[in-house]
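Residue numbers (the numbering used here): 1 to 321.
Positions of the beta carbon are idealized from the N, C-alpha and C atoms, including for glycine.
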């Protein structure tokens, strides 16, 4: 590990317990905070997450100014459950409707910046189980305490829970098999980030609105690499939130996710002039599923769309008025 990464780990890693709510309130001042949950078919978990944040950090202590759920084309009653729990619910496609529609988690996050009012934005996945409001407080801590910090990643243990069996540290398969090797190979300054693909992170609007957003599953890797390039390693911090439990996806689904992450890594390497493209990488992922008479071929497109920095879009909209 590079010496500067060891130094960063020592200075920029903390735990949620280091940031009690009373200290955060004292540091908040006039800073406004928005918590954003991108959600698609998450009725089973989104309500409890929203309720916890509102109970502890809106009504109990005025740390969070708004809780927003960006409904990403849910087919269940995610929107109704979230609204009943006290969230402001916005349909993804209702935001900036004049733009060509795109799909994916990153699209919901990008559009949230046009809806949320906060100086600080906290992003939380809507499928978390055993969620506590300390997740939000922990992510806000470094941002409120140190103006040189612009982006905070959560880190945590990720058990693999299936069929009543729990395998400690068995989660995060795409992180360990795809993202971490890519990061150590191409961006070794980020080698100390424990959960580079984790869906819980926070940032200053002034930084986030200047970054492009990959619209699919590569959004976390893309943001991390772009923050490093735009603001430097010392603008990043990480906070240990303990344990994160969420639903697991199939190996087949994780293959598609991995494809998008690799496409995102390629786009950043090309943009940084670190690879020369002789021909574009294929975006078709071929997978196989056994059926009665052999194997079924399954093809999927793992191309990643990308939105430009939000500040550019807002400037263009303003100039068009």
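Along the chain, where does the alpha helix (DSSP H) that runs through residue 294 open and close? Segment 294-301 is the beta strand (DSSP E) holding residue 294; no alpha helix (DSSP H) there.
Since residue 213 sits in a beta bridge, which residues does DSSP pair it with? 307
Determine the contact status of residue 5 and residue 228, defining contact as a CB-CB distance below 9 Å. no
For the segment 43-84, which segments carrying the beta strand (DSSP E) assignment without a break, of at least 3 residues, lie completely within its bounds, in sequence order? 66-71
Is the segment 267-281 close to the segment 188-207, with three or more CB pairs under 8 Å? no
When you compare only the Cα positions, how much space is there between residue 208 and residue 136? About 18 Å.
Proximity below 9 Å, CB of residue 239 to CB of residue 152: yes
Could you pull the DSSP bridge partners for residue 203 from this structure? 121 and 151
With burial defined as no fewer than 16 other Cβ atoms inside 10 Å of the residue's Cβ, what is the status of residue 293: buried or exposed? Exposed, since its Cβ has fewer than 16 Cβ neighbours within 10 Å.
Please state the DSSP three-state secondary structure of residue 321. For residue 321, the pLDDT reaches just 40, beneath the cut-off of 50, and the residue's location in the model is therefore unreliable, leaving the point undetermined.
Residue 235 versus 225, 241 and 242, residue with shortest Cα-Cα distance: 225
Just tell me which of 216, 256, 139 and 156 has its CA closest to the CA of residue 174. 256
Reduced DSSP category for residue 267 - H, G, I as helix; E, B as strand; rest coil: helix
Boundaries of the beta strand (DSSP E) in which residue 37 is found, first to last residue: 33-39
Hey, residue 199 and residue 19 are a contact pair by Cβ (cut 8 Å); roughly how many whole angstroms apart? About 20 Å separates the CB atoms of residue 199 and residue 19; that is not less than 8 Å, and the two are not in contact.
Close Cβ partners of residue 15 (< 6 Å) along its chain, the five nearest in sequence each way excluded: 240
Write down every uninterrupted run of the beta strand (DSSP E) in the segment 235-260 whose length is 3 residues or greater and which is fully enclosed by it, in chain order. If we require 3 residues or more, the beta strand (DSSP E) runs fully inside the segment 235-260 come out as 236-243.
Does the segment 51-66 come close enough to the segment 92-109 to have 3 or more Cβ pairs within less than 8 Å? no
Taking DSSP as the reference, what is the three-state secondary structure of residue 103? coil
Express the C-alpha separation of residue 264 and residue 183 in angstroms, rounding to a whole number. 12 Å
Are residue 54 and residue 64 closer than 9 Å when you measure CB to CB? Cβ distance < 9 Å, so residue 54 and residue 64 count as in contact.
Those residues which DSSP pairs with residue 13 across a bridge: 238
Alpha-carbon to alpha-carbon, residue 291 and residue 117: 51 Å
Please identify the residue among 218, 78 and 213 whose C-alpha is closest to the C-alpha of residue 46. 78
Note down, in chain order, each residue of its chain lying with its Cβ closer than 6 Å to the Cβ of residue 12, except the 5 sequence neighbours on either side. 237
Under the three-state DSSP convention, the category residue 195 falls into: Three-state DSSP puts residue 195 in coil, outside helix and strand.
Using the Cα positions of residue 302 and residue 259, report the straight-line distance between them to the nearest angstrom. 6 Å
Residues near residue 10 by beta carbon distance below 8 Å, same chain, minus five either side: Taken in chain order, the list of residues that qualify is empty.
Roughly how many angstroms separate the alpha carbons of residue 71 and residue 273, rounded to a whole number? 36 Å
Extent of the continuous alpha helix (DSSP H) run through residue 223: 219-231 is the extent of the alpha helix (DSSP H) around residue 223.
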